[in-house]
Each structure stands twice: as C-alpha cells, then as structure tokens.
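Quick note, the sequences are listed as chains A and B, same order. Here the first sequence stands for residues 1132 to 1439, numbered as in my numbering. Here the second sequence stands for residues 1132 to 1439, numbered as in my numbering. Below is one structure, written out as structure tokens; comments come after it.
There are 2 protein chains.
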Amino acid sequence: MESVSFPPLSRVAICGGTHGNEMTGVYMVREMQKQKMDKTGSLSVSIILSNPRAVEACRRYIETDLNRCFTSDLLSSPVTDSTPYELKRAQELNAQVGPKGSEEAVDLLIDIHNTTSNMGLCFIFYSIDWVTLHILKYIQSKMTSVDIRAIQLDLPISEAYSLESVGKHGFAIEVGPQPNGVLRADIYNMVKEAVDHIFSWLQEFNSGSTFEGGEVEVYTLVKSVDYPRDAVTGEITAAIHCQLQDNDFKLLQRGDPIFLSFSGETVKYDDEELYPFFVNECAYYEKKIAFHLGRKIKLTFPSINLTG
Amino acid sequence: MESVSFPPLSRVAICGGTHGNEMTGVYMVREMQKQKMDKTGSLSVSIILSNPRAVEACRRYIETDLNRCFTSDLLSSPVTDSTPYELKRAQELNAQVGPKGSEEAVDLLIDIHNTTSNMGLCFIFYSIDWVTLHILKYIQSKMTSVDIRAIQLDLPISEAYSLESVGKHGFAIEVGPQPNGVLRADIYNMVKEAVDHIFSWLQEFNSGSTFEGGEVEVYTLVKSVDYPRDAVTGEITAAIHCQLQDNDFKLLQRGDPIFLSFSGETVKYDDEELYPFFVNECAYYEKKIAFHLGRKIKLTFPSINLTG
Chain A
1132 MESVSFPPLS
1142 RVAICGGTHG
1152 NEMTGVYMVR
1162 EMQKQKMDKT
1172 GSLSVSIILS
1182 NPRAVEACRR
1192 YIETDLNRCF
1202 TSDLLSSPVT
1212 DSTPYELKRA
1222 QELNAQVGPK
1232 GSEEAVDLLI
1242 DIHNTTSNMG
1252 LCFIFYSIDW
1262 VTLHILKYIQ
1272 SKMTSVDIRA
1282 IQLDLPISEA
1292 YSLESVGKHG
1302 FAIEVGPQPN
1312 GVLRADIYNM
1322 VKEAVDHIFS
1332 WLQEFNSGST
1342 FEGGEVEVYT
1352 LVKSVDYPRD
1362 AVTGEITAAI
1372 HCQLQDNDFK
1382 LLQRGDPIFL
1392 SFSGETVKYD
1402 DEELYPFFVN
1412 ECAYYEKKIA
1422 FHLGRKIKLT
1432 FPSINLTG
Chain B
1132 MESVSFPPLS
1142 RVAICGGTHG
1152 NEMTGVYMVR
1162 EMQKQKMDKT
1172 GSLSVSIILS
1182 NPRAVEACRR
1192 YIETDLNRCF
1202 TSDLLSSPVT
1212 DSTPYELKRA
1222 QELNAQVGPK
1232 GSEEAVDLLI
1242 DIHNTTSNMG
1252 LCFIFYSIDW
1262 VTLHILKYIQ
1272 SKMTSVDIRA
1282 IQLDLPISEA
1292 YSLESVGKHG
1302 FAIEVGPQPN
1312 GVLRADIYNM
1322 VKEAVDHIFS
1332 WLQEFNSGST
1342 FEGGEVEVYT
1352 LVKSVDYPRD
1362 AVTGEITAAI
1372 HCQLQDNDFK
1382 LLQRGDPIFL
1392 SFSGETVKYD
1402 DEELYPFFVN
1412 ECAYYEKKIA
1422 FHLGRKIKLT
1432 FPSINLTG
C-alpha cells in the first residue's frame, strides 16, 4: 500500500456529555477545562460539554437524542419555535467545531460515551479513515491490558448522525460497562489514558514522525435485534439471556441462548454466526434494540506522515 | 429465648417500581399480575406497581422520591395543589395496603429495589422484626450460592420513610449491581427465586409449622460519607477509588483508599473500622452520599409459630 500524507492535525475537539447521563465524558471534560488543556504543545483543543442541559438534568437528552442530530439535512434545517433543544444545540456545535464537511471543521473530533454493555473501550466511526485507524492501532499497542476494539458504521458522511462526523476526522470512544449517572474510577482512568495517548500520537505526527502501515480488526454493523415483545402492549416479554449478557464481541452461534422470557422460556439464536455488541444497552430499550450484530473484518492501512 | 406467636400472615403486598428506573421490580410485578398470582394458596397478594408515572418515564421519580414519603407526618399531611405527585401516590398506597400502623395494614409488605452498588441481595428493614429475621434466615439457607445480607435502619416506625414500613411486617429487597433502566436476567431470576421462597415460608407458617430460633448477621447504619466537592461549585472532585468500588460489605480500615480525585490524588480512610455499603449508588449522588458505613452485629431470634 502506498503511504499517505495529511496536513498537520492541530485543531482538536474533545467532547463529553453529548448524552447527559454518561459521566466519564462529563467529568473528563470538566477536568480538562479546569487544567486549561486547550493549548497542549502543537494542539489547539476545544473542550466541549456537548449537552449542558441534559448534563444538568442527568438525563440522556431533554427533547431528542443529540447524537442523532448531525446529519447534513438536520444541521441545515431551519430553526422554528418547535425545533427541539438538541437540534438547536447540534447546529451551535456545528458552527463551533464544523461546519461538517468544510475546511473550517476541526481536524479531529473525539466524543466520549459510556455504555451499560460490557464493551471495554471501543472506537466507533463511519467511513474508513487512515488517521482513526492509526490512532486505534497506536492505543492498542500502548494499552495492552484493556480490550480495545472498533466498530465501523457504513454510512455516507451526509447521513452520519453523530457528533464525531462533524470533524475532518473523528470517532466516538464508547466505554463500558458503566451505569448511566454513575462514574467509575477504573473507566475514568482508562479513558484518560486513551486521551493522553491520542494527544501523544498527534504531537508525534505533527512533529513529522512517520507511522508505519498495518492491519486492525474492525466490527461492521450487520443488523439489530429487538427484544421479544407483547403483540398488544408492546412491552418486552424477555430479558437478555444470562449466557449472552456481558458477552459482547463473543461469536454468537446457531442454538446459543439469547433471551430468557419472564415466564422462564429460553429463546435461541437461529441465524448466521455474527458478533453481538451493545448487548443490553440501557438507552436502546426505547430504540427497540436488544443488541447489535456485526461481522469482524480486517482492515489494512498504509503508512502515514505529514504533507511534505 | 422464649418462642413467639403471630396470627396468620395471609395478606401480602409485593411492590415494584417504587423507583421507576429499577427494572427488576417493574418486570417482576408485571409478570406476577400476568400470571394472576394474587391468590396463591393461603395468601392473598396485592401486586403493586408503586409509581406508574415514574415507570412510564423510566425515571427514579417524577417530582419527589416516593420512597421518602411514608413517614406518619407525610402520610397524614393535607393534599393541596402543590402536593407532589409522589406524596399523593404515597397516600393512595397507604390507603390501599395500610393504613400504616393500623390493624387493616397488610401482614407483610415486600418492596423490590435495585442498586448500582455491588450489594448482592440485601434485605433492608427498620425495627427488629422476628418475621423478617426468620424469612431472611430461611432464604439464606435456601439460596446458598448468593450473598444474602441485611441492613437495619434504626428509626422509629413513625419516622420510617419507605414503603415497606406501611405493612405490619415489611422489608425492602435491594439487589445489585444493576444499572438503572436495565434489566439483567441473573438478577431477575435471583429475586424471583427469593420471592418464591418467601411465599413458601409464609405457606408453611400459615399451615402451622414451627420455625426454630437462631442467629443472623445484620449491618446497622452508622453514617454516610459524601464525595469530596468543590467548595465553590459544589461539584464532586473525585470518584470512588477502584479499591473501594464493588467492595460493599468488605471491612474498611484506616489507610484504605476511598476516593481518587480527577487530578489523580488518592484520599484515604481515616476513621474507625466499619463496613461500607451502597458504594457508588447512582441515586445517592444527589443525596450527597458516596457510601454508607455500618457496623456488623449479630441478632438472636426466638422460634416462631402460629397463634394457638
């Protein structure tokens, strides 16, 4: 693979509290603001609490899920009296660190999330982006005691709905398991370490280092599975089975139990072998998702350096 | 110790959803209603979703914490336009399964809760009550693979603020760790098994069995510890230390780390040896409680049988 070059990655945004009850990002962003980390070596860092009203209320969102508001259509929709708070806030953020798809957008946008699923530390991104893959590989090489994985959502950038899609490069860091509204020190430390490594990589890159190409494993989203539900009331009639609970990224095979109904029956998996993730994520009950299923692929990436 | 006698314990209430985002009780109550378990052998069972509006919103409460509304003063306070929804609901529940302290109250009230703390299955009750201690001992003997503990809150019944205080006998079953808004099958099964054993004990008692006296360990609440906070903003400046996190009921000794500040300093425990519980409970951030501390005591209880 031929090597690729990019201009300096000096304008960075670190966001937390995009979902107001995911506490790692909330406290990380507040601490970075307190430590005045907006100038760090070659980096100019925007440190952003994305959804302050939801943080204040300790809820995922006030009117609508902020992290579904960053499609090109929504970002350019006119504001009226009935525009939800979060869509207005998305347009503000787009003005601050975007505009999405423009030359003025920050070079790298990192958005910190938590999940109640047992997913360890997970990058989530859209199109295959060499910078993101290099940073992923770098962190994997530095944090060997932690499971660091990546999920790729295959959507064109205009349809990419989450905050990280506003940067020229960007990804979400999704870390769990952590209950909403709770801050765990182990997870806080893990994310802090990851952010420190990202900053180190950026400094090295901006100072002219070449990073060799390589290969990473990535999970691609194939489909989502809903809970069994009562046909009349729509209420769920089963929980994630104990053998699937906490087993994100372990290959699901035909015949494996996936649900346990409240009356005691086991529902078994009966489809092609895929990898589950976001298993029993709190916020996905309302989105009718019990878990996602994905395929594991290998991505090869070229060596990377600063534009000449 | 002399043996004691009680009249039949035939009117029972099983409550869930007193906090609307604690899902075990919500789904257990719905399933018991579906299975029409209101008549079970010698038992007449009121199956109650305590806070339906909070359940609907998947929040702990709508206006005020329902499970702090059951003091005698609050239950007898006049209802006005500004009375919070939950206080009105408390008075409704008191009319339905109480009135508290009266002969008409249900014989046994069990309220099902979840915590984000790693507390296993835990009984919580007020005054020392022989029926509760017998049921506790019985469940401990039946469910040997689960940590089953008990916490006693030493308050006179008139000041007892939670729903279980409305029954002639009563206790909360507090089970964790489970994130708010999430249902775990392992915890659901554990609580289901406990409720089944409670029903068995009641049937045996009502049929005239004598239960021998014995001894149980109980934790009594000594005090609560708040998070370190910023003197100006009031925001927390530290998380529960990794060495305390998930270690509910493990003796805390002088010098043990209890908090890790966001800037990296460890705060150590510097007080008498006590047992922590409700460590990092989500709902207690707003109550300014990082964890409770208690003492472990042994309680001896007499043999018990039906009034002759």
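All residues carry an ideal CB built from backbone N, CA and C; glycine is no exception.
Beta carbon proximity, Asn1411 (chain B) to chain A, threshold 7 Å: Walking along the second sequence from the start, residue 1411 (chain B) turns up at place 280. Answer yes: the Cβ-Cβ gap between Asn1411 (chain B) and chain A drops below 7 Å somewhere.
Bridge partners of Lys1399 (chain B), per DSSP? Taking the second sequence and counting its residues from 1, the one referred to as residue 1399 (chain B) is at position 268. Looking at the DSSP assignment, Lys1399 (chain B) forms a beta bridge with B:Pro1388.
Just the C-alpha distance for Leu1174 (chain A) and Val1306 (chain A), rounded to the nearest angstrom, thanks. Position 43 of the first sequence, counting from 1, holds the residue named residue 1174 (chain A). Position 175 of the first sequence, counting from 1, holds the residue named residue 1306 (chain A). Computed Cα separation, rounded: 25 Å.
For the beta strand (DSSP E) containing Gln1376 (chain B), name the first residue and the last one. Taking the first residue of the second sequence as position 1, residue 1376 (chain B) is located at position 245. Looking at the DSSP string, Gln1376 (chain B) is not in any beta strand (DSSP E), and its letter there is neither H nor E.
Using a Cβ-Cβ distance under 7 Å, would Thr1364 (chain A) count as near chain B? Stepping through the first sequence from its first residue, residue 1364 (chain A) is reached at position 233. Not one chain B Cβ lies under 7 Å of Thr1364 (chain A).
How should Gly1425 (chain B) be labelled, buried or exposed, when 16 other C-beta atoms within 10 angstroms of its C-beta is the threshold for buried? The residue given as residue 1425 (chain B) occupies position 294 in the second sequence. Under this definition Gly1425 (chain B) is a buried residue.
With a cut-off of 8 Å, do at least 3 Cβ pairs link the region 1359–1373 of chain B to the region 1333–1348 of chain B? no
For Ser1293 (chain A) and Phe1201 (chain A), believed in contact at Cβ under 8 Å, the rounded distance: In the first sequence, residue 1201 (chain A) corresponds to position 70, counting from 1. In the first sequence, residue 1293 (chain A) corresponds to position 162, counting from 1. That pair is a contact at about 6 Å.
For the region 1329–1348 of chain B, which residues have a CB atom closer than 9 Å to at least one CB atom of chain A, in sequence order? none
Secondary structure, alpha helix (DSSP H): runs of 4+ residues fully inside the region 1156–1225 of chain B: 1183–1188, 1203–1206
Spatial distance of Gly1439 (chain B) from Glu1234 (chain B) (CA atoms): Taking the second sequence and counting its residues from 1, the one referred to as residue 1439 (chain B) is at position 308. Taking the second sequence and counting its residues from 1, the one referred to as residue 1234 (chain B) is at position 103. If I take the Cα positions, the gap works out to 19 Å.
Rounded distance between the beta-carbons of Ala1144 (chain B) and Val1210 (chain B), thought under 8 Å: Within the second sequence, numbered from 1, the residue matching residue 1210 (chain B) stands at position 79. Within the second sequence, numbered from 1, the residue matching residue 1144 (chain B) stands at position 13. Contact doesn't hold; Cβ gap of about 22 Å is too wide.
Take Glu1348 (chain B) as the anchor and find which of B:Asn1337, B:Ala1362, B:Glu1295, B:Tyr1406 has the nearest alpha-carbon. For the purposes of this step, residue 1348 (chain B) is taken as residue 217 along the second sequence, with counting starting at 1. The shortest Cα separation from Glu1348 (chain B) among B:Asn1337, B:Ala1362, B:Glu1295, B:Tyr1406 belongs to B:Tyr1406.
Measuring only the C-alpha atoms, how far is Leu1391 (chain B) from Val1398 (chain A)? Your numbering for residue 1391 (chain B) matches position 260 in the second sequence. Your numbering for residue 1398 (chain A) matches position 267 in the first sequence. When rounded, the distance between both Cα atoms is 43 Å.
Against Tyr1400 (chain B), what residues of chain A qualify as contacts under a CB-to-CB distance less than 8 Å, listed in chain order? Taking the second sequence and counting its residues from 1, the one referred to as residue 1400 (chain B) is at position 269. Within chain A, no residue comes near Tyr1400 (chain B); the closest Cβ sits about 15 Å away, beyond 8 Å.
Among B:Arg1199, B:Thr1171, B:Glu1396, which one has its Cα closest to the Cα of Arg1220 (chain B)? Residue 1220 (chain B) sits at position 89 when you count from the first residue of the second sequence. Measuring from the Cα of Arg1220 (chain B), the nearest candidate turns out to be B:Arg1199.
Does the Cβ of Met1132 (chain A) have 16 or more other Cβ atoms within 10 Å, making it buried, or fewer, making it exposed? In the first sequence, the residue the question calls residue 1132 (chain A) occupies position 1. So Met1132 (chain A) counts as exposed.
Spatial distance of Ser1203 (chain B) from Glu1290 (chain B) (CA atoms): As a first step, residue 1203 (chain B) is located in the second sequence; it is residue number 72 there, counting from the start. As a first step, residue 1290 (chain B) is located in the second sequence; it is residue number 159 there, counting from the start. Answer to the nearest angstrom: the Cα atoms are 7 Å apart.
Could you say if the region 1323–1337 of chain B and the region 1181–1195 of chain B meet the contact criterion of at least three C-beta pairs nearer than 8 Å? no
I'd like the list of long-range same chain contacts for Pro1230 (chain B), defined as Cβ closer than 7 Å, with 5 residues on each side in sequence excluded. On the second sequence, position 99 is the one that residue 1230 (chain B) refers to. So the list reads Ala1236, once near-sequence residues are dropped.
Just list the beta strand (DSSP E) runs in the region 1289–1331 of chain A, keeping only unbroken ones of 3 residues or longer that don't cross its boundaries, in chain order. 1300–1307
The region 1270–1283 of chain B in contact with the region 1248–1260 of chain B per 3-pair CB rule at 8 Å: yes
Same chain only: Cβ atoms within 6 Å of Ser1134 (chain A), ignoring 5 sequence neighbours per side: As a working mapping, residue 1134 (chain A) is identified with position 3 in the first sequence. Counting only Cβ-Cβ distances below 6 Å, and skipping sequence neighbours, we find Pro1433, Ser1434.
State yes or no: is the beta carbon of Thr1247 (chain B) nearer than 7 Å to at least one beta carbon in chain A? For the purposes of this step, residue 1247 (chain B) is taken as the residue at position 116 of the second sequence. True, the Cβ-Cβ gap to chain A drops below 7 Å.
Apply the 10 Å Cβ neighbour rule to Thr1364 (chain B) and answer buried if 16 or more other Cβ atoms are within range, or exposed otherwise. Along the second sequence, read from residue 1 onward, the residue named residue 1364 (chain B) stands at position 233. That one is exposed.
Ile1335 (chain B), DSSP secondary structure in three states: Counted from its first residue, the second sequence places residue 1335 (chain B) at position 204. Going by the sequence as given, residue 1335 (chain B) is Glu instead of Ile. Note: Glu1335 (chain B) maps to helix in three-state DSSP.
Contact defined as beta carbons within less than 8 Å: I believe Met1250 (chain A) pairs with Ala1325 (chain A). What is the distance between those atoms, to the nearest angstrom? One-based indexing of the first sequence puts residue 1250 (chain A) at position 119. One-based indexing of the first sequence puts residue 1325 (chain A) at position 194. Contact doesn't hold; Cβ gap of about 14 Å is too wide.
Quick one: give me the first and last residue of the beta strand (DSSP E) that Ser1355 (chain B) is part of. By one-based count along the second sequence, residue 1355 (chain B) stands at place 224. Residues 1345–1356.
So what does DSSP say about Tyr1416 (chain A), is it helix, strand or coil? Indexing the first sequence from 1 puts residue 1416 (chain A) at position 285. Tyr1416 (chain A) falls in the coil class under three-state DSSP.
Interface flag, Phe1408 (chain A) vs chain B, CB-CB below 7 Å: Position 277 of the first sequence, counted from the first residue, corresponds to residue 1408 (chain A). Phe1408 (chain A) does not count as touching chain B.
For Tyr1216 (chain B), which residues of its own chain have a beta-carbon under 7 Å away from its beta-carbon, when the five flanking residues on both sides are left out? As a working mapping, residue 1216 (chain B) is identified with position 85 in the second sequence. Around Tyr1216 (chain B): Arg1184, Ile1193, Glu1194.
Cβ atoms of Ile1420 (chain A) and Ser1355 (chain A): under 7 Å apart, would you say? Translated into positions along the first sequence, residue 1355 (chain A) becomes position 224. Translated into positions along the first sequence, residue 1420 (chain A) becomes position 289. In this structure, Ile1420 (chain A) lies closer than 7 Å to Ser1355 (chain A) by Cβ.
Which residues in the same chain as Arg1142 (chain B) place their Cβ atom closer than 7 Å to its Cβ, once the five residues preceding and following it in sequence are excluded? In the second sequence, the residue the question calls residue 1142 (chain B) occupies position 11. Ser1175, Val1237, Asp1238.
Three-state secondary structure (DSSP) of His1423 (chain A): Taking the first sequence and counting its residues from 1, one reaches residue 1423 (chain A) at position 292. Three-state DSSP puts His1423 (chain A) in a strand.
Just confirm the distance between the C-beta atoms of Asn1245 (chain B) and Thr1351 (chain B), as a whole number of angstroms; I'd bet it's less than 8 Å. For the purposes of this step, residue 1245 (chain B) is identified with residue 114 of the second sequence, where counting begins at 1. For the purposes of this step, residue 1351 (chain B) is identified with residue 220 of the second sequence, where counting begins at 1. That belief does not hold up - the Cβ atoms of Asn1245 (chain B) and Thr1351 (chain B) are roughly 22 Å apart, past 8 Å.
Rounded to whole angstroms, what is the Cα-Cα separation between His1227 (chain A) and Asn1152 (chain B)? Residue mapping note: residue 1227 (chain A) aligns to position 96 of the first sequence, counting from 1. Residue mapping note: residue 1152 (chain B) aligns to position 21 of the second sequence, counting from 1. The question names His, but residue 1227 (chain A) in the sequence shown is Gln. Their Cα atoms are separated by approximately 35 Å.
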